[in-house]
Structures are given as structure tokens and as C-alpha cells.
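Written below as C-alpha cells is the structure these notes are about.
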Amino acid sequence: NAGVMQNPRHLVRRRGQEARLRCSPMKGHSHVYWYRQLPEEGLKFMVYLQKENIIDESGMPKERFSAEFPKEGPSILRIQQVVRGDSAAYFCASSALAPANTGELFFGEGSRLTVL
Amino acid sequence: GQQLNQSPQSMFIQEGEDVSMNCTSSSIFNTWLWYKQDPGEGPVLLIALYKAGELTSNGRLTAQFGITRKDSFLNISASIPSDVGIYFCAGPSSGGSYIPTFGRGTSLIVHP
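Here it is as C-alpha cells:
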């Protein structure tokens, strides 16, 4: 499967725990994006990363959320001390080119976080 | 910040009917994208538009880039049950990053 791979597909956490969501981009893609989708809403941009660098994190909450895209391995979206409001579907997307040169993002199937 | 407004918010139609939805922006876009999200899945790109006035088809889907560059339309002809899903328009964000900003979506339900 050469598509964007996300895991886990479903994650349940209790308030105060940590959630780690992983994303492997399509082969040959070095640009990774994380979006959050709340029920009945569209996708809200969170962060854009290129290998080892955070390019744009203007959509990330200032606290508890962090993202990385190491030289080796998948991109990770980390949410510390989760609260019920963090319950959402988190989508990762990748592109071969930078956003200025393409708008065509390829999305994974999402990770659905439920905070009890 | 820039906003994308999609309408209608939801549509309930009979199989075989044609569907039309649109998207308007508070700012000028150089690119319009239409994505479809099936239930429980991630969005999939349907059509990309790069030029004002451009009309592009993908099977039963046709999308147009508005002349004003502030709107776009998506039409689906002869709808079938598998057209069910949420349709999102998207365009590059302002402020220089060009990262796609998404509308809130149009939810389509097709009755057999």
C-alpha cells in the first residue's frame, strides 16, 4: 500500500493521559500536514512539517500539542494530558511538492481519538 | 483570517438527480480544490482547478473556477448511492504559506 498510513485508527484515552498518533507519508513525499476534524465540521489545519523541520504550526494549540517528523520514521502528533475537547479525528496528509507549488494533498484514513 | 463558505450544508436527493454545490471565499484564490470524504475515511481529491474560468470534468463530476476567483462550483450529474459523503472545497491559505484551507463541507445523501 503506497498511500498515507496512519495509526492507530482508533485510540481511547482517559483525561490526563498522553496520545501519540503516527503518520507515514506516501513514498517520495517529504511534506506532511496534520489536520483535526471535529464532528460536523471541516478540517482545521494544525501543523505542516518537512523532514526534521516544522514549517508552519500556526494551527497548533499553544500547550500540550507537539509534532515532529524525524529524519527516519513516521511523523508523530503528540497530545499530552488529554482533555475531552481533544476528542476528534486527526488526519495526516502528504504532498510531493511544497504547498506553494501544489494544493494536492493525499490524506490518510485518520486516527480517531476518544477521551473518556 | 480567510473563510470558505460552502452551501448547501446538506443535501438529500433521489438517485439519478443532478447535484450542485458551491464555495465562496473572502479572498481571491489561485487554486480551488474539491475533495470527497466517505464515512469513516480520509478526504480524497476529486478535482483541482488552477485558472479562473476553468471548467474541469472527472466522470460525472464537473467543477468550475469562478471568474471572480472568489468562488467555485461542483456539479454531480445522475447521482448514484456511492456519491454519498461530504464534499469539501479547499484553497490555499493567505499569509504566504499556501497550505490548503477547507470549507465546512456539504453532506450529500442519496436515496435509492
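Protein sequences appear in the order of chains A and B. By the working numbering, the letter at position 38 of the first sequence is numbered 24, and the numbering carries on one by one without gaps. By the working numbering, the letter at position 103 of the second sequence is numbered 104, and the numbering carries on one by one without gaps. For glycine and all other residues, C-beta sits at the position ideal for the given N, C-alpha and C.
For residue i, three-class secondary structure by DSSP
{"i": "Asp19 (chain B)", "result": "coil"}
{"i": "Pro85 (chain A)", "result": "helix"}
{"i": "Gly71 (chain A)", "result": "helix"}
{"i": "Pro82 (chain B)", "result": "helix"}
{"i": "Phe93 (chain A)", "result": "strand"}
{"i": "Asp11 (chain B)", "result": "It should be pointed out that residue 11 (chain B) corresponds to Ser in this sequence rather than to Asp. If DSSP states are grouped into helix, strand and coil, Ser11 (chain B) belongs with the strands."}
{"i": "Lys37 (chain B)", "result": "strand"}
{"i": "Gln3 (chain A)", "result": "coil"}
{"i": "Val(-10) (chain A)", "result": "coil"}
{"i": "His15 (chain A)", "result": "coil"}
{"i": "Ala53 (chain B)", "result": "coil"}
{"i": "Ile87 (chain B)", "result": "strand"}
Proximal residues to residue i (C-beta, below 7 Å), its chain only, five neighbours per side dropped
{"i": "Arg61 (chain B)", "result": "Ile77, Ser78, Ala79"}
{"i": "Glu95 (chain A)", "result": "Gln(-8), Arg(-5)"}
Test: residue i CB closer than 7 Å to a CB of chain A
{"i": "Tyr88 (chain B)", "result": "no"}
{"i": "Phe155 (chain B)", "result": "An answer regarding residue 155 (chain B) cannot be provided, because it is not within the stretch 2 to 113 covered by chain B."}
{"i": "Thr32 (chain B)", "result": "yes"}
{"i": "Ser8 (chain B)", "result": "no"}
{"i": "Glu42 (chain B)", "result": "yes"}
{"i": "Ala49 (chain B)", "result": "yes"}
{"i": "Gly17 (chain B)", "result": "no"}
{"i": "Gly106 (chain B)", "result": "yes"}
{"i": "Ser27 (chain B)", "result": "no"}
{"i": "Ser11 (chain B)", "result": "no"}
Residues of its chain near residue i, where Cβ-Cβ distance is below 8 Å and the 5 sequence neighbours each way are ignored
{"i": "Met12 (chain B)", "result": "Val20, Met22, Thr107, Ser108, Leu109, Ile110"}
{"i": "Ile14 (chain B)", "result": "Val20, Ser80, Leu109, Ile110, Val111, His112"}
Proximal residues to residue i (C-beta, below 6 Å), its chain only, five neighbours per side dropped
{"i": "Leu56 (chain B)", "result": "Gln65"}
Could you pull out every unbroken alpha helix (DSSP H) segment of at least 4 residues lying fully inside the segment 20 to 69 of chain A, listed in chain order? none
Anything in the segment 86 to 101 of chain A with a Cβ closer than 9 Å to a Cβ of chain B? List those residues in chain order, please. Ala86, Asn87, Thr88, Gly89, Glu90, Leu91, Phe92, Phe93, Gly94, Glu95, Gly96, Arg98
Quick one: which residues of the segment 22 to 38 of chain A get their C-beta closer than 7 Å to a C-beta of chain B? List them in chain order. Glu27, Gly28, Leu29, Phe31, Tyr34
Chain B contacts made by the segment 68 to 82 of chain A, where a contact means CB separation under 7 Å: For the segment 68 to 82 of chain A, the set of residues with a beta-carbon nearer than 7 Å to any beta-carbon of chain B comprises Phe77, in chain order.
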